[in-house]
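Note sheet for the following structure.
Protein chains: 2
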Amino acid sequence: MTITITAFERSPDGGRGLARDTRVRWALEEVGQPYEVRLVSFRAMKEPAHLALHPFGQIPTYEEGDLALFETGAIVFHIAQRHAGLLPDDANARARAITWMFAAVNTVEPPILELGTARLLEGDKPWHDERLPLVEDRVRNRLKQLSARLGNADWLDGAFSAGDLMMVSVLLRLKSSGILDEYPNLAAYLARGETRPTYKRAFAAQLAVNTGRPPTG
Amino acid sequence: MTITITAFERSPDGGRGLARDTRVRWALEEVGQPYEVRLVSFRAMKEPAHLALHPFGQIPTYEEGDLALFETGAIVFHIAQRHAGLLPDDANARARAITWMFAAVNTVEPPILELGTARLLEGDKPWHDERLPLVEDRVRNRLKQLSARLGNADWLDGAFSAGDLMMVSVLLRLKSSGILDEYPNLAAYLARGETRPTYKRAFAAQLAVNTGRPPTG
Chain A
133 MTITITAFER SPDGGRGLAR DTRVRWALEE VGQPYEVRLV SFRAMKEPAH
183 LALHPFGQIP TYEEGDLALF ETGAIVFHIA QRHAGLLPDD ANARARAITW
233 MFAAVNTVEP PILELGTARL LEGDKPWHDE RLPLVEDRVR NRLKQLSARL
283 GNADWLDGAF SAGDLMMVSV LLRLKSSGIL DEYPNLAAYL ARGETRPTYK
333 RAFAAQLAVN TGRPPTG
Chain B
133 MTITITAFER SPDGGRGLAR DTRVRWALEE VGQPYEVRLV SFRAMKEPAH
183 LALHPFGQIP TYEEGDLALF ETGAIVFHIA QRHAGLLPDD ANARARAITW
233 MFAAVNTVEP PILELGTARL LEGDKPWHDE RLPLVEDRVR NRLKQLSARL
283 GNADWLDGAF SAGDLMMVSV LLRLKSSGIL DEYPNLAAYL ARGETRPTYK
333 RAFAAQLAVN TGRPPTG
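Here the protein sequences line up with chains A and B, keeping their order. For the numbering used here, add 132 to where a residue sits in the first sequence, where the first one is 1. For the numbering used here, add 132 to where a residue sits in the second sequence, where the first one is 1.
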């Protein structure tokens with residue numbers, strides 16, 4: 133059955149890989165599943181046809197036969213459940229890898245999203261300059277704890293898993309802020325994710341949409 | 133095997149049920165599994181023994197034999213996977229229920245957490261009064277979409293699932309704000325969750341910790 137995902141017709145980040153379809157593309161590359169992409173405009177995302185697929189009017193969505201899913205974490209989890217390569221076979225190790233998926237989206241990502249909001253939606257507000265350091269410190273608080281847990285390991289719990297895929301994707305949002313450089317083991321962890329051939333293919337595919345040029349290599 | 137979870141020795145909300153152990157207690161009540169609780173102080177949460185269980189120094193954690201988990205969403209998912217009652221048997225329906233679990237914690241909860249942060253951590257800042265309506269509107273944006281999807285249904289996708297358990301738990305954080313009353317079907321959805329005997333037992337159990345009186349009935 134064909135897998136079809138949706139992505140921005142034109143991503144707000146211009147193809148830096150921060151749109152959430154990159155996470156799903158990466159998961160599909162990890163498990164070696166081909167997929168098709170349907171591009172949607174900002175206008176179409178708020179129309180009934182897309183809202184039927186995604187109640188919050190966002191991308192990505194995932195369609196496969198009569199199954200339709202939204203929400204990146206759930207889509208990545210679904211891919212990881214159905215295909216080998218993203219979750220360990222041992223039941224306890226599998227539960228721990230899933231734990232990192234939830235930790236990425238519910239513990240580490242919220243302060244990072246708040247930092248993005250402070251910059252993008254409140255950048256012109258009179259409180260911006262005074263408030264930004266508070267928000268950055270909330271991000272640092274989480275990074276410090278994550279850095280302590282990761283230590284010298286390559287990945288969060290044994291081999292690379294869907295938990296690492298989600299955590300690396302969340303940390304990618306901080307790349308331009310410079311904050312990650314304060315935690316060298318997290319910067320190295322991010323770089324380790326980015327150099328996976330699977331990530332590179334996912335990144336190239338989303339970039340091609342935004343530049344209008346097909347991926348090379 | 134005995135299930136042991138951790139909870140606050142004294143919850144910051146004084147027992148209003150907003151501490152995340154309530155979500156795990158509720159899930160265990162739904163599937164009919166007994167559990168033990170180990171209470172931890174704020175000080176102990178930041179010490180090595182607890183950080184080994186929970187790298188972000190929070191509650192709840194979950195221990196069962198040689199399995200140790202943290203992160204509420206992951207714990208609820210683990211309980212739902214291992215015991216009948218919180219996820220449908222049909223594979224597609226199951227994937228959709230899991231989608232709502234992730235939507236609760238990654239799409240609906242972040243702006244609600246931001247609202248909590250604005251009130252609790254920035255309530256004394258000079259920008260608080262002017263900024264609060266912006267943050268509230270971001271919450272409304274999500275609630276409006278959630279309300280449109282729920283419509284007249286009792287639950288988000290067929291029978292009550294772990295997705296509803298997580299979504300109701302997230303919405304509970306808004307109870308004192310009055311915002312939920314602007315969306316009568318969401319207020320009714322929340323009330324539907326709160327009147328489940330399983331929720332009532334979970335709520336009573338966490339309240340008893342905070343009042344020092346054992347639950348009655």
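Cβ coordinates follow ideal geometry from the N, Cα and C atoms, glycine included.
Looking at the structure shown, is A/F335 part of a helix, part of a strand, or coil, going by DSSP? helix
is_contact[A/G349, chain B] using C-beta, thresh 7 Å: Low per-residue confidence applies at A/G349: pLDDT is 48, beneath 50, and the placement is therefore not dependable, though the value from the model is reported in the following sentence. Output row for A/G349: interface = no.
DSSP on A/G349, reduced to helix/strand/coil? In this predicted model, A/G349 has a pLDDT of only 48, less than 50, meaning its place in the structure is not dependable enough to derive any value.
Counting only Cβ-Cβ distances shorter than 7 Å, please list the residues of the stretch 199–211 of chain A near chain B, keeping chain order. Flagged, chain order: L199, L201, F202, E203, G205, A206, F209 and H210.
So, helix, strand or coil for B/R170, using DSSP? The answer is strand: DSSP assigns B/R170 an E or B state.
Listed in chain order, which residues of the stretch 166–189 of chain A have Cβ atoms closer than 9 Å to some Cβ of chain B? L183, P187, F188 and G189
Give a yes or no on contact between the stretch 223–233 of chain B and the stretch 244–262 of chain B, applying the rule of three or more CB pairs nearer than 8 Å. Judged by Cβ distances under 8 Å, the stretch 223–233 of chain B makes no contact with the stretch 244–262 of chain B, as fewer than three pairs qualify.
Please compile the residues from chain B whose C-beta is within a distance smaller than 8 Å of the C-beta of A/A280. L183 and P187
Sort B/S143, B/E326, B/R152 and B/R157 by Cα distance to B/T136 and report the nearest one. Checking every option, the nearest Cα to that of B/T136 belongs to B/R157.
At a cut-off of 6 Å, would you count B/W232 as near the ligand PLP, judging by its Cβ distance to the nearest heavy atom? For the ligand PLP, the structure offers nothing, since it holds no ligand at all.
When DSSP labels each residue in this structure, what does A/T134 get in the three-state scheme? coil
Which same chain residues, not among the five before or five after B/Y194, have their C-beta less than 6 Å away from its C-beta? I137, L201 and I207
Considering only C-alpha positions, which residue in the set A/N224, A/L160 and A/V240 is nearest to A/R370? The first residue shown for chain A is 133 and the last is 349, placing residue 370 of chain A beyond what the model contains.
Look at the Cβ atom of A/L219, then the Cβ atom of B/N224, and state whether they are nearer than 7 Å. no
In its own chain, which residues sit with a C-beta less than 7 Å from the C-beta of B/T204, not counting the 5 before and 5 after it? Excluding sequence neighbours, B/T204 sits near R152, R155, V156 and P192.
Through-space distance from B/V163 to B/I211, alpha-carbon basis: 8 Å
Checking 7 Å against the spacing of the C-beta atoms, do A/P243 and A/R274 come in under that value? yes
Closer than 7 Å to chain A by CB, B/I244: False, the Cβ-Cβ gap to chain A never drops below 7 Å.
Within 10 Å of its beta-carbon, does B/M299 have 16 or more other beta-carbons around it, so buried, or fewer, so exposed? Classification for B/M299: buried.
B/G197 to A/N284 span [Cα, whole Å]: 27 Å
Beta-carbon of A/W158 versus every beta-carbon of chain B: anything under 7 Å? False, the Cβ-Cβ gap to chain B never drops below 7 Å.
As a quick exercise: from B/I311, B/L303 and B/R305, pick the residue whose alpha carbon is nearest that of B/P265. B/I311
Tell me the residue span of the alpha helix (DSSP H) that contains A/Y321. P316 to E326
Whole-Å CB distance - A/D286 paired with A/R324, under 8 Å assumed: That pair is a contact at about 6 Å.
Could you tell me the alpha carbon to alpha carbon distance between B/L150 and B/E246, rounded to whole angstroms? 15 Å
Buried/exposed call for B/L278, threshold 16 Cβ in 10 Å: B/L278 counts as buried, since at least 16 other C-beta atoms from the protein chains shown sit within 10 angstroms of its C-beta.
Would you mind listing the beta strand (DSSP E) stretches within the stretch 146–209 of chain A that are 3+ residues and don't spill past its ends, in chain order? 168–172, 193–196 and 199–202
Any C-beta of chain B sitting closer than 7 Å to the C-beta of A/V300? no
Contact check, B/L339 vs B/G147, beta carbons under 7 Å: yes
Whose C-beta lies closer than 8 Å to the C-beta of B/G217 among residues of the same chain, with five residues either side of it excluded? E162, V163 and G164
Please report the distance separating the alpha-carbon of A/S301 from that of A/A319. 12 Å
Taking C-beta to C-beta, are A/N238 and B/V271 nearer than 7 Å? No, the Cβ-Cβ distance between A/N238 and B/V271 is not below 7 Å.
Just to confirm my understanding: we take A/R112, look at its own chain, exclude 5 residues before and 5 after, and list those with CB closer than 8 Å. What are they? Any answer about residue 112 of chain A is impossible in this case: the structure gives chain A only from 133 up to 349.
Neighbourhood of A/T343 by C-beta distance below 7 Å, restricted to the same chain and skipping five residues each side: G147
From the beta carbon of B/F234, is the nearest beta carbon of chain A less than 7 Å away? yes
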